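Residues 1 to 356, numbered by UniProt numbering, are exactly what the sequence shown covers, in order. All remarks here apply to the structure that follows.
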Amino acid sequence: MTLYSRARPLAFKLPAETAHDLGKRTLRAAQSTWPTRKALATAYQYTHPALEVDLFGTTFPNPVGVAAGFDKNADVTHALEALGFGFVEIGTVTPYPQSGNDRPRLFRLREDEAMINRMGFNGQGMERVKSRLETDGTPGFPLGVNIGKMNSSSESEAIEDYRRVFDRLSPFADYVVVNVSCPNTPEEFDEGSPEHLRAIFEMLEAENDAEKPILVKIGPDSPDDSILDLVDIVQEFGLDGIVATNTSTTREGLESPNREEWGGLSGKPVEDRSTAVIRMIAEYTDGDLPIIGVGGVDSAGAAYEKIRAGASLVELYTGFVYEGPSTAKQINQGLVALLERDGFSSIEDAVGADLE
1 MTLYSRARPL AFKLPAETAH DLGKRTLRAA QSTWPTRKAL ATAYQYTHPA LEVDLFGTTF
61 PNPVGVAAGF DKNADVTHAL EALGFGFVEI GTVTPYPQSG NDRPRLFRLR EDEAMINRMG
121 FNGQGMERVK SRLETDGTPG FPLGVNIGKM NSSSESEAIE DYRRVFDRLS PFADYVVVNV
181 SCPNTPEEFD EGSPEHLRAI FEMLEAENDA EKPILVKIGP DSPDDSILDL VDIVQEFGLD
241 GIVATNTSTT REGLESPNRE EWGGLSGKPV EDRSTAVIRM IAEYTDGDLP IIGVGGVDSA
301 GAAYEKIRAG ASLVELYTGF VYEGPSTAKQ INQGLVALLE RDGFSSIEDA VGADLE
């Protein structure tokens, strides 16, 4: 039994967002000095050459990252590196601070190994995030920046929102993710319409003088045809990849009393659909479009399934909450064992292994 497994029942007595904030403050304190950061790294980092992934013009030390939503404001990037993750995606970052939806807005579904959130793009805004990245320095592993719009923005204002955040934060990023699939923000217009997506991508194409890799995050709930239409637009503009998938609005098969809360569902219940979307995109693009897989990753087996379905990297949030600080180490150790079992010399060799 790990220390976290002993402490988790106490943490889970707190409201979910309160426990999350407490955990973030603990990580912030732990990364504040070199000795404490070194102690975390000694306890939790696991390195192996087979885990390295070369993608987006940089090297990821391992394929297991932290999804957007956990470290919205780049508070604990160095602590997450010390905990053995291979990268982190901060955000969603908006141009200006906004409070998001009213609390409570984050709910555990213990019986389902899931969470529901309706945070609503709460965050400190791009200037605070920029200042923190300048003060703390960027971490030693790849940094993704997930960018979004203000909740009050119209369709035309949203384009300017993306431009502002991209221009301000892309110099710090190894890749940038456009988030047009969050189910927790006001539906003022169709963010996923082909016309809106083309307007965003045309703007980013014009702004991207440094040729930063740009990805788009898609949701799991759209029909397959709609997802592939979006993939066509991504390829039309030469974007660098897709993050699949965001949270879901489905509630089928859930057992927790919190299943009736509105918001985005994450964790084990979305695992199969997320993997199916990854496989569909990989097959449709012949494996030529890089995919970051998200949804239900909490073990080496879950991560490996997404990799074999076509994901070059995976991200997790809910699995981290349930499994604790040793999550990355346990997954990476397990991945090495699975690679050796199946005769692969690296993660890169296993990407898309299950595709026809």
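We put the beta carbon where it would ideally sit given N, CA and C, even for glycine. Since the structure is predicted, the reported quantities are computational estimates derived from the model, not experimental observations.
Beta carbon of residue i nearer than 8 Å to that of residue j
i, j, result
"A237", "F201", "It is worth fixing the name first, because residue 237 is Phe in this sequence and not Ala. The answer is yes: Cβ separation under 8 Å."
"A282", "L355", "yes"
"G86", "P63", "yes"
"N146", "K212", "no"
"G148", "G91", "yes"
"S312", "V66", "no"
"L289", "V351", "no"
"L230", "G192", "yes"
"V88", "Q31", "no"
"L204", "A173", "no"
"G120", "N73", "no"
"A68", "V177", "yes"
"L109", "R259", "yes"
"I347", "I307", "yes"
"Q333", "Y44", "no"
6 Å CB neighbourhood of residue i in its chain, flanking five on each side removed
i, result
"G295", "T245, V270, E271, S274"
"E111", "E255, S256"
"S248", "P220, D221, L265, V270"
"L106", "A16, E17, N117"
"E157", "none"
"G324", "Y4"
"L133", "A74, F172"
"D298", "G319, E323"
"T36", "A30"
Rounded Cβ spacing between residue i and residue j (contact assumed at less than 8 Å)
i, j, result
"T318", "A114", "6 Å"
"A19", "A11", "5 Å"
"I292", "E315", "6 Å"
"L51", "L335", "7 Å"
"Y162", "F56", "Rounded, the Cβ-Cβ distance is 19 Å, inconsistent with contact."
"I331", "A303", "5 Å"
"L215", "L239", "6 Å"
Residues near residue i by beta carbon distance below 8 Å, same chain, minus five either side
i, result
"M126", "V93, T94, P95, Y96, R164, V165, R168, L169"
"F141", "F60, P61, E81, F85, G86, F87, V88"
"P104", "P15, A16, E17"
"A210", "S170, P171"
Under the three-state DSSP convention, the category residue i falls into
i, result
"Q98", "strand"
"G324", "coil"
"S274", "helix"
"S226", "helix"
"L10", "helix"
"M115", "strand"
"R108", "strand"
"T92", "strand"
"V216", "strand"
"L316", "strand"
"S266", "strand"
"S346", "coil"
"G293", "strand"
"A353", "coil"
"S5", "helix"
"G241", "strand"
Beta-carbon proximity list for residue i, same chain, < 7 Å, skipping 5 on both sides
i, result
"W262", "R118"
Margin query: Suppose only complete runs of 4+ residues qualify. What are the alpha helix (DSSP H) ranges in the segment 50-79, listed by chain order?
Written below: none
Note to self: Extract the residue ranges of the alpha helix (DSSP H) inside the segment 182-210, only unbroken runs of 4 or more that lie entirely within it.
What the structure shows: 194-207
Margin query: Which runs of the alpha helix (DSSP H) at least 4 residues long sit entirely within the segment 122-194? Give them in chain order.
Written below: 126-136, 155-169
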